[in-house]
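Just so you know, we're using numbering that gives the first Met the number 0 here: the sequence shown kicks off at 0 and counts up by one.
Glycine is no exception: its CB is placed at the ideal position from the N, C-alpha and C atoms.
What you are looking at is a predicted structure, and each value in this text was computed from that prediction instead of being measured.
What follows is a single structure, written as C-alpha cells, with notes after it.
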Amino acid sequence: MKTQTSRVVFLLLAGALLLAACGTSYDTNFPMPDSVSNFDGAGGDSPINYQTELSLDEVLAFYRAEFASAGMTEREINTSITDGAISLVFDSHSSGEAVVLQAVDLGNGSTNVNVRLEDI
C-alpha cells in the first residue's frame with residue numbers, strides 16, 4: 000500500500016511539473032501574450048486582470064493586432080494613450096458588447112492589464 004501511495008504521489012508531482020514546463024493556460028476567451036503573471040479571471044468572457052513583462056507599447060500593439068484579426072474595430076474616440084497608461088474600446092465582439100482594454104505601467108518593468116466586456 001505504501002509503495003502504491005508513493006507511486007501516485009510521484010505521478011501527480013511529475014504531471015504538475017510537466018504542465019508547468021509546457022506553459023500555463025488560462026480560462027479566458029480573451030487573447031493574452033506569453034508573458035503573464037498574477038492572472039485573475041473567472042473564465043470565458045468574464046473580466047481578466049494580469050501583469051506582463053511587456054511594455055505599454057507592446058501591450059497596445061498586441062491587442063490592436065489580436066482584436067483586428069478577430070474582426071473587431073477600435074473605437075478611436077475612446078482611445079486614450081499617455082506615457083503611463085492606455086485605455087481602448089473595441090467594437091464587434093460576438094456578445095454585442097464592447098471590449099474595454101486598460102493597461103498601466105507599474106514602473107517596475109511590468110504592466111498591469113485589464114480586459115472586460117461593457118455595454119457602452
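| Item | Value |
| --- | --- |
| In this structure, does DSSP put residue 119 in helix, strand or coil? | coil |
| Apply the 10 Å Cβ neighbour rule to residue 25 and answer buried if 16 or more other Cβ atoms are within range, or exposed otherwise. | exposed |
| Tell me which residues share the same chain as residue 94 and place their Cβ nearer than 7 Å to its Cβ, disregarding the 5 neighbours each side in the sequence. | 44 and 116 |
| Quick check on residue 17: does DSSP put it in helix, strand or coil? | Unreliable placement is indicated for residue 17, whose pLDDT of 38 sits below 50; no coordinate value is reported for it. |
| Going straight from the alpha carbon of residue 63 to that of residue 23, what length do you get? | 23 Å |
| Can you give me the C-alpha to C-alpha distance between residue 127 and residue 37, rounded to a whole angstrom? | Because the chain in this structure spans residues 0 to 119, residue 127 falls outside the shown range and cannot be described. |
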